[in-house]
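Numbering (the UniProt record's numbering), first residue to last: 1 to 276. For glycine and all other residues, C-beta sits at the position ideal for the given N, C-alpha and C. Scroll down for the structure; my scribbles are underneath it.
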């Protein structure tokens, strides 16, 4: 699909860098930028009823910081001549996820950069509202990564599951325009009900019909976590972005047991395009 509206969530941490990546991506795509400056509010302590001044003072300081970031984002968008809107949300986690959902419904992709990723609770609210509830793709850009949806080399993580298929469909414009797409299967199961006798052949054929220049690569994990194998291979082929399906299990199971997606969100050193 084409990307005409970018929803960028920006927090209080490292906001300047996150704003810069959002502007960079919107300029590359000639897209409308919807920037949301978001912060998680702590609920008042039951022990402090009526509400204590410390909690009120903290809320005031938090909102003041977010307001400064909002003004900074507006100035950056205006300076770069973007079509844009900048909003501000300060709410408890469950309400913040709902706010992200409402905005994600009208966006083509959600951008999360390194400043936001440092706040695990804020990241979780974005994933809940944007990925699980709105079913929108998420582009995660680490500190040293480039915010781009026009990469030259793409690593598509494939496991013959619906999440991977959705990621491929959501990223189709990106895949078509890339010079090379490495379809990577880690320790593929060759049974009929999983990947078949020739793992990766079906998806490569599907992609080729769209004009994607795909190369299938089956990789032995050697007992390493899948996320480590993918990142190492992305480094080996000089990939600009990893495209992968997000959360093959329920959100509860992922939170309790972890998973490839959770590890990528926390530690990825490459830009990751996730869809579910």
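Notebook entry, point to check: CA-CA distance, residue 106 and residue 224?
Noted result: The residue labelled residue 106 in the question sits at position 106 within the chain shown. The residue labelled residue 224 in the question sits at position 224 within the chain shown. Cα-Cα distance, rounded: 39 Å.
Check: Less than 7 Å separating the beta-carbons of residue 134 and residue 97?
Finding: The sequence position of residue 134 within the chain shown is 134, counting from 1. The sequence position of residue 97 within the chain shown is 97, counting from 1. Not closer than 7 Å, so no.
Margin query: Rounded to whole angstroms, what is the Cα-Cα separation between residue 32 and residue 222?
Written below: Along the chain shown, read from residue 1 onward, the residue named residue 32 stands at position 32. Along the chain shown, read from residue 1 onward, the residue named residue 222 stands at position 222. One C-alpha to the other measures close to 44 Å.
Next item on the list: Please confirm whether residue 2 and residue 118 have their CB atoms less than 7 Å apart.
Entry: Numbered from 1 along the chain shown, position 2 holds the residue referred to as residue 2. Numbered from 1 along the chain shown, position 118 holds the residue referred to as residue 118. In this structure, residue 2 lies away from residue 118, with their beta-carbon atoms at least 7 Å apart.
Next item on the list: Using a threshold of 7 Å, state whether the C-beta atoms of residue 243 and residue 273 are closer than that.
Entry: In the chain shown, counting from the first residue as 1, residue 243 sits at position 243. In the chain shown, counting from the first residue as 1, residue 273 sits at position 273. Yes, the pair counts as a contact, with Cβ atoms nearer than the cut-off.
Checklist line | Any 3 or more C-beta pairs closer than 8 Å across the segment 170–184 and the segment 200–212 | finding: The answer is yes - the segment 200–212 touches the segment 170–184, with three or more Cβ pairs under 8 Å.
Next item on the list: Let me know the alpha helix (DSSP H) ranges lying completely inside the segment 118–153, each 4 residues or longer, listed in chain order.
Entry: Within the segment 118–153, complete alpha helix (DSSP H) segments of at least 4 residues are found at 120–126, given in chain order.
Next item on the list: Please determine, among 15, 5, 160 and 16, the residue with the shortest C-alpha to C-alpha distance to residue 186.
Entry: As a first step, residue 186 must be located in the chain shown, where it is residue number 186. Taking residue 186 as reference, the option from 15, 5, 160 and 16 with the minimal CA-CA separation is 160.
Check: Start and end of the alpha helix (DSSP H) containing residue 39?
Finding: Taking the first residue of the chain shown as 1, we reach residue 39 at position 39. Where residue 39 is concerned, there is no enclosing alpha helix (DSSP H), although the beta strand (DSSP E) it sits in stretches over 32–40.
Item checked: Whole-angstrom distance between residue 36 and residue 163, CA atom to CA atom -> Counting from one through the chain shown, the residue named residue 163 turns up at place 163. Counting from one through the chain shown, the residue named residue 36 turns up at place 36. Straight-line Cα distance between these residues: approximately 26 Å.
Notebook entry, point to check: What's the gap between the Cα of residue 265 and the Cα of residue 112?
Noted result: As a first step, residue 265 must be located in the chain shown, where it is residue number 265. As a first step, residue 112 must be located in the chain shown, where it is residue number 112. In a straight line, the C-alpha of residue 265 is about 10 Å away from that of residue 112.
Item checked: Per-residue DSSP class, three states only, for residue 98 -> Here residue 98 refers to the residue found at position 98 when the chain shown is read from its first residue. Helix.
Note to self: Quick check: the Cα distance between residue 253 and residue 81, rounded to an integer number of angstroms?
What the structure shows: Locating residue 253 in the chain shown gives position 253, counting from the first residue. Locating residue 81 in the chain shown gives position 81, counting from the first residue. Residue placement at residue 253 is flagged as unreliable, the pLDDT there being 44, under the threshold of 50; a coordinate-derived value is accordingly withheld.
Notebook entry, point to check: Who are the Cβ neighbours of residue 26 in its own chain at under 6 Å, not counting the five residues just before and after it?
Noted result: As a first step, residue 26 is located in the chain shown; it is residue number 26 there, counting from the start. Same-chain partners within the cutoff: 6, 33 and 82.
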